[in-house]
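In what follows, a structure is listed as structure tokens, so that the remarks can point back to it.
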Amino acid sequence: AGATGGAPAKDQTRLRIEKMEAEREERRRIMQERKIERAEEEQRNIAAGNPGDVDFIGLVRKWRETHSDTAQSFSSSKQHPKICIAVRKRPVSEKERAKRDHDSVTCLHPTVWVHSAKLRVDGITKYLDHNSFRFDYSFDETSTTEDVYNYSAMPLIEFVCSGKGGRATVFAYGQTGSGKTFTMNGIQSMVAEDLFHLLSNDDYEYDDSKCTLDNTIVTVSFFEIYGGRIVDLLNNRERLKVLEDGKGEVVVSGLEEFESNDPAEFFALVDAGNKKRTTHSTEANDTSSRSHAICQILLRDKATSRLRGKLSLVDLAGSERGTDTKSHNRQRRTESSEINTSLLALKECIRALDSGKGGRHVPYRASKLTLILKDCFTSNLARTTMIATVSPGASSADHTLNTLRYTDRIKEKKVGDISKTKETRTRGSPPRQITRTKSSSPSPVRSEIDDTPKQSFLNDSVDFDDLDLLESDAEEDIKEEIKEEEKSEAAQLQRTIQDLFEEEEDLLNLHMSIIQENAELLTEEGRLLQSVQGDDVVDYDIDQYASRLGNILDRKTQLSTLLQNKLVSFRSQLKKEEELSKKIGNVPDF
Ligand code: ADP
Ligand code: MG
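Just so you know, the UniProt record's numbering puts 231 at position 231 of the sequence shown, and the rest follows in order with no gaps.
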């Protein structure tokens with residue numbers, strides 16, 4: 001039974017099974033081959049020093065093969081922009097190789113691409129997501145510091161040597177380890193060579209108005225801003241104060257300026273400053289990532305000391321620090337908040353340069369960094385170069401994107417896209433028009449004339465109006481919705497931290513002067529006692545002794561109470577900061 005139709009059905013089933021087996025075999029073979037290919041590719045990658053995810057490396061390689069022709073060649077013929085933004089990608093480091101991190105950044109001048117590895121919903125198929133940004137310059141890992149310098153910083157040297165009082169500033173911005181200091185150190189030595197070359201150049205068309213070694217003295221100052229403190233790197237880390245007088249002139253009081261007459265002298269100074277930075281870093285694990293280092297080169301008239309040009313080279317604190325405001329360590333926390341504020345303020349100040357005369361108010365008072373660099377933002381002879389350094393590794397991609405977004409927002413007029421202005425800028429509170437003290441505008445060199453500023457009202461505190469402005473501007477940049485309440489808490493915290501810095505400074509100063517006075521009192525007490533019980537004392541006035549001792553004791557109590565009160569107020573400020581920072585959920589990001 002069933003013999004008639006059974007056999008072909010069985011055959012068909014058998015055939016189907018055989019076919020399925022064959023297909024399975026073929027799939028296995030292909031997969032095996034692919035596996036071998038992949039292993040071979042991985043070996044080739046490792047041999048070439050790229051041990052990361054072989055699939056992503058392959059995807060990035062393929063992407064580069066089809067896009068490499070989009071890179072434009074560098075040209076320096078166009079006029080150097082008032083604000084120049086350059087991005088530099090450093091090579092993959094040994095550390096990254098050891099972590100099997102793969103290269104995920106491609107610089108095709110003038111564009112920077114960040115490739116993110118993604119998985120499709122099937123959970124197996126891999127693909128890349130790309131983010132791109134366009135800048136004035138985009139330097140890949142094969143570029144030398146000299147390339148970066150030639151296009152982004154060298155034009156500024158001629159600008160400051162023109163003797164018209166130009167203010168040029170070069171910033172290195174980026175995540176810790178991305179190459180800020182590496183780039184800045186290279187630039188420092190190239191500046192040394194080119195500056196003196198230009199100042200002594202015979203071909204240099206003779207022109208009275210230009211700076212030459214005959215009419216100009218080159219001086220260097222080098223200092224660091226670290227947790228709200230300013231220290232002199234060329235003078236034993238002496239603490240300095242920044243003061244703005246009633247006329248709006250900013251002075252870093254106590255800052256040493258050293259003369260240098262040739263590249264070697266110049267370099268010796270800068271080198272000493274750099275060493276002060278790094279030596280200190282090893283003592284207290286990498287403080288350099290938490291500080292802004294500012295190296296200023298001043299060209300002064302030989303006869304009058306009048307400032308004829310200034311070049312500031314600024315190695316900024318690691319940009320990732322700005323987001324590390326939830327730390328349990330108070331010092332880290334307040335430092336991070338300070339860095340956050342100063343980097344936000346910096347962005348706004350540079351941005352204001354672009355809007356030209358009568359444009360937006362420059363919120364330079366929002367941080368010490370921007371206050372010190374005031375003339376670099378307000379002078380009508382200001383030029384700024386921002387070099388954003390990025391790490392290539394996929395594990396740094398978030399920081400890299402943050403760096404590129406930050407830098408991207410600095411310039412309103414995008415490269416090759418003059419017409420498109422950012423519509424978001426009109427949102428939020430309108431820029432406040434604040435009448436600026438006119439004194440510094442007609443003669444931009446005034447703020448640097450070396451006269452003592454002590455006669456007029458001095459103010460070194462951070463300006464709350466400018467902090468407010470920063471906050472309202474920062475709002476536009478925040479992607480996620482932050483509750484109003486939290487926002488005001490964040491603002492409150494920022495203020496508390498500023499107050500904390502001020503109070504700490506006051507407390508330490510008071511303590512210091514009280515120790516001094518106590519020492520003087522102690523000496524006087526010794527003498528007083530000697531005057532009544534010394535070996536050679538015959539006549540003495542015990543009434544006078546008693547009354548003087550009474551005065552001394554009163555004064556000591558007074559001093560002690562003064563310090564006590566200051567300490568109580570400082571400690572309540574500490575507590576306030578701690579409570580506020582615990583309460584805060586979300587901090588403004590870049
Ligand atoms: P940052 O100052 O941003 O923290 P560094 O300048 O200290 O970073 O750089 C971190 C490390 O990477 C250093 O060892 C430095 O020598 C190296 N490095 C940075 N940029 C480059 C580059 N373009 N080429 C080669 N090595 C680099
Ligand atoms: Mg550094």
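The beta carbon of each residue, even a glycine, is placed where N, CA and C say it ideally should be.
Residue i to residue j, Cα distance in whole Å?
i	j	result
H292	T557	41 Å
D103	K95	13 Å
E503	N402	33 Å
I30	R90	38 Å
L213	L299	10 Å
K374	G166	13 Å
V50	I57	For the record, residue 50 in the displayed sequence is Asn; it is not Val. Their Cα atoms are separated by approximately 8 Å.
D136	I85	5 Å
N235	K164	30 Å
L269	D398	37 Å
C523	L553	Residue identity differs from the one stated: residue 523 is Thr in this sequence, not Cys. C-alpha separation (whole angstroms): 13 Å.
Q175	S396	9 Å
V112	L15	56 Å
K276	D543	56 Å
S152	T385	6 Å
residue 673	K10	It is not possible to answer for residue 673, since the shown part of the chain is limited to 1 through 590.
Q331	M154	38 Å
P8	I17	14 Å
T437	K247	Its pLDDT being 32, under 50, T437 is placed unreliably by the model, and the measurement read from it follows with that caveat. Approximately 7 Å between the Cα atoms of the pair.
D69	W63	11 Å
N185	R237	20 Å
T278	I514	34 Å
G228	E335	8 Å
T400	E517	53 Å
When you compare each of the options to residue i by their alpha carbons, which one comes out closest?
i	options	result
I294	L353, S189 and T169	T169
R134	R229, G248, E42 and Q72	Q72
S138	L128, D129 and Y149	Y149
Y545	L559, L553 and L528	L528
E37	E25, A22 and V54	V54
G177	K582, T287, W113 and V112	T287
residue 605	G273, L580, A519 and R555	Nothing can be reported for residue 605, as the shown portion of the chain is limited to 1 through 590.
L381	T70, T13, E26 and P81	P81
L252	R548, I230, F258 and F266	Strictly speaking, residue 252 in this sequence is Val, with Leu absent from that position. Closest option to V252, Cα to Cα, is I230.
K210	I350, D301, I17 and R409	D301
F171	T142, T407 and R321	T407
E256	T304, V220 and F266	V220
V218	M190, I297, A303 and D208	I297
residue 621	R290, N131 and L108	With the chain running from 1 to 590 in the structure shown, residue 621 is simply not present.
D232	E249, Y364 and G254	G254
Helix, strand or coil: which one does DSSP assign to residue i?
i	result
S138	strand
Y127	strand
E489	helix
S396	helix
S419	The predicted model places S419 with a pLDDT of 37, which falls under 50 and marks its position as unreliable; any figure quoted below should be read in that light. Correct three-state label for S419: coil.
D208	coil
S569	helix
F133	strand
A9	helix
G227	coil
V252	strand
D473	Low confidence applies here, because D473 scores a pLDDT of 47, under 50, leaving its location unreliable; read the following figure in that light. Three-state DSSP puts D473 in a helix.
I85	strand
G550	helix
L213	coil
Spell out the partners DSSP gives residue i in its beta bridges.
i	result
K276	For K276, which the question treats as bridged, DSSP gives no partner whatsoever.
A168	L311 and R383
F258	V220
Q296	S221 and S312
R351	According to DSSP, R351 bridges with nothing at all.
R239	V231
C108	Here residue 108 is Leu; the residue named in the question, Cys, does not match the sequence. Looking at the DSSP assignment, L108 forms a beta bridge with T111.
Checking contacts by CB at 9 Å: is residue i closer than that to chain D?
i	result
D232	Included in the structure is just one protein chain, with no chain D present.
Margin query: Across the stretch 308 to 323 and the stretch 156 to 172, are there enough close Cβ pairs to call them in contact, namely three or more that are closer than 8 Å?
Written below: When Cβ pairs closer than 8 Å are counted between the two stretches, the stretch 308 to 323 is seen to touch the stretch 156 to 172, the count reaching three or more.
Item checked: Touching by the beta-carbon criterion (3+ pairs, under 8 Å), the stretch 81 to 90 and the stretch 379 to 394 -> Taking 8 Å as the limit for Cβ pairs, the verdict is that the stretch 379 to 394 does touch the stretch 81 to 90.
Next item on the list: Would you be able to state if there are at least three C-beta pairs under 8 Å between the stretch 505 to 517 and the stretch 528 to 546?
Entry: Too few Cβ pairs lie closer than 8 Å, so no.
Note to self: Any contact between the stretch 239 to 248 and the stretch 193 to 203? By contact I mean 3 or more CB pairs, one from each, below 8 Å.
What the structure shows: By the criterion of at least three beta-carbon pairs nearer than 8 Å, the stretch 239 to 248 is not in contact with the stretch 193 to 203.
Margin query: So, does the stretch 256 to 268 touch the stretch 190 to 199, judging by three or more C-beta pairs under 8 Å?
Written below: With the cut-off at 8 Å, the stretch 256 to 268 and the stretch 190 to 199 touch.
Next item on the list: Mind the definition here: the stretch 577 to 584 touches the stretch 490 to 499 only if three or more C-beta pairs lie below 8 Å; say whether that holds.
Entry: Taking a cut-off of 8 Å for Cβ pairs, the stretch 577 to 584 and the stretch 490 to 499 touch, as three or more such pairs fall below it.
Next item on the list: Answer yes if the stretch 325 to 335 comes into contact with the stretch 343 to 350, meaning at least three C-beta pairs across the two stretches below 8 Å, and no otherwise.
Entry: Counting Cβ pairs under 8 Å, fewer than three are found: no touch.
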